[in-house]
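Have a look at the structure below before the remarks.
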Amino acid sequence: MSERKHDPQGLSFVDEMRAASMKLHPKNLTKEGEKEPEGPAVSEWEPSVSGFLQFLVDSKLVYDTFEAIIREVAYYVEFRNSGLERSEKLAKDLEWFKDQKRTIPEPSDRGHSHARYLEQISDKNPQAFICHFYNVYFAHSSGGRIIGRMVSAKILDNKELEFYKWDGVLSQLLQNVRDKLNKLASGWSRDEKDHCLEETEISFKYSKEILRLIQSRAG
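Just so you know, we're using the UniProt record's numbering here: the sequence shown kicks off at 1 and counts up by one.
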């Protein structure tokens, strides 16, 4: 039996998801993070172009998978054309790297692993899928942008990649998706909500593995 039988007073379900994610965010990436950092602050990272390219390629595979599932599975219809989609933006960035005579690698096992997992849970475990959707897209819109600016300043002459741009007002796009997430979760039982929250650590594990590629020297 779940220890939490009732929704926390005054919190929307997105508030609950955010609180769960902040427990796993390192303090040196966001001021609201609660987890002790496991490595250097983002400002102290030493990114490589090859590592960052691998990160972009693996990220694109994950976003391709998210966006294909959302297009194809009726349960997620409300999240189609949200304005948060990243696949086309990443495709443009990879084309830019090609124009710079950079070799675009194939996705690594890290990207394939997360993509496969999303496919496995998308149909029979929608609460888990929604957890990954929320954490990946919302983290990219906040901490992801901080990391992107740092990498660009260090190795790309401050080039602003499309991956870190949105068409429209980002705050409004995010609010629209928050509203839809809250509406969807309003039909879930407390146990289903808790199941979604409990998936947060798994979501972070996959994302962290891909993020670590930025500092990789291989490739």
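Glycine included, C-beta positions come from ideal geometry on N, C-alpha and C.
Between the alpha carbons of residue i and residue j, how many angstroms are there, rounded?
| i | j | result |
| --- | --- | --- |
| Met1 | His195 | Bear in mind that a pLDDT of 37 at Met1, under 50, signals an unreliable position, so the number given afterwards is only what the model happens to contain. Rounded to whole angstroms, Met1 to His195 spans 12 Å at the Cα level. |
| Lys154 | Ala74 | 42 Å |
| Leu197 | Arg190 | 11 Å |
| Leu25 | Trp96 | Reading off the sequence shown, one finds His at residue 25, where the question assumed Leu. Rounded to whole angstroms, His25 to Trp96 spans 31 Å at the Cα level. |
| Glu67 | Arg86 | 9 Å |
| His114 | Tyr206 | 6 Å |
| Asn176 | Lys159 | 29 Å |
| Gly187 | Glu44 | 44 Å |
| Ser171 | Tyr117 | 29 Å |
| His140 | Lys101 | 27 Å |
| Ile121 | Lys183 | 21 Å |
| Glu3 | Val49 | Bear in mind that the predicted position of Glu3 carries a pLDDT of just 46, short of 50, making it too unreliable to give a figure here. |
| Glu119 | Arg71 | 13 Å |
| Lys193 | Ile130 | 10 Å |
| Met150 | Glu38 | 19 Å |
Kindly list the residues whose CB is nearer than 8 Å to the CB of residue i, restricted to its own chain and excluding five residues on each side of it in sequence; keep chain order.
| i | result |
| --- | --- |
| residue 242 | The first residue shown for the chain is 1 and the last is 219, placing residue 242 beyond what the model contains. |
| Lys98 | Ile104 |
Between which residues of its own chain and residue i is the CB-CB distance below 6 Å, once the five residues before and five after are set aside?
| i | result |
| --- | --- |
| Lys89 | Glu162, Phe163 |
| Arg212 | none |
| Arg110 | Asp58, Glu209, Ile210 |
| Ala20 | Leu197, Thr200 |
| Tyr76 | Ile70 |
Going by Cα to Cα distance, which pick from the options is closest to residue i?
| i | options | result |
| --- | --- | --- |
| Leu94 | Pro40, Tyr117, Ser59 | Ser59 |
| Pro40 | Ile147, Lys205, Lys193, Leu170 | Ile147 |
| Val62 | His112, Val151, Ser82, Cys131 | His112 |
| Glu46 | Pro107, Ser152, Glu106, Ser142 | Ser152 |
| Val42 | Val169, Gln9, Gly143 | Gly143 |
Of all the CB atoms in chain B, is at least one closer than 8 Å to the CB of residue i?
| i | result |
| --- | --- |
| Glu78 | No chain B appears in this structure, which consists of one protein chain only. |
Assuming residue i and residue j are in contact, meaning their beta carbons sit under 8 Å apart, how far apart are those beta carbons, in whole angstroms?
| i | j | result |
| --- | --- | --- |
| Ala185 | Phe79 | Their Cβ separation, rounded to whole angstroms, is 13 Å, which puts Ala185 and Phe79 out of contact at 8 Å. |
| Ser203 | His132 | 5 Å |
| Met17 | Tyr134 | 5 Å |
| Leu181 | Tyr137 | The Cβ separation is near 10 Å, so there is no contact. |
| Leu156 | Trp166 | Actually they do not touch by this definition, with Cβ atoms about 19 Å apart. |
Looking at residue i and the ligand MN, is the gap between the Cβ and the nearest heavy atom below 7 Å?
| i | result |
| --- | --- |
| Glu72 | Inclusion of the ligand MN in the displayed structure is not the case, the ligand content being empty and no account of it being possible. |
So, for residue i: in the same chain, excluding its five sequence neighbours on each side, which residues have a beta-carbon less than 7 Å away from its beta-carbon?
| i | result |
| --- | --- |
| Arg145 | Tyr164 |
Does the segment 43–59 come close enough to the segment 117–127 that 3 or more CB-CB pairs lie under 8 Å?
-> no
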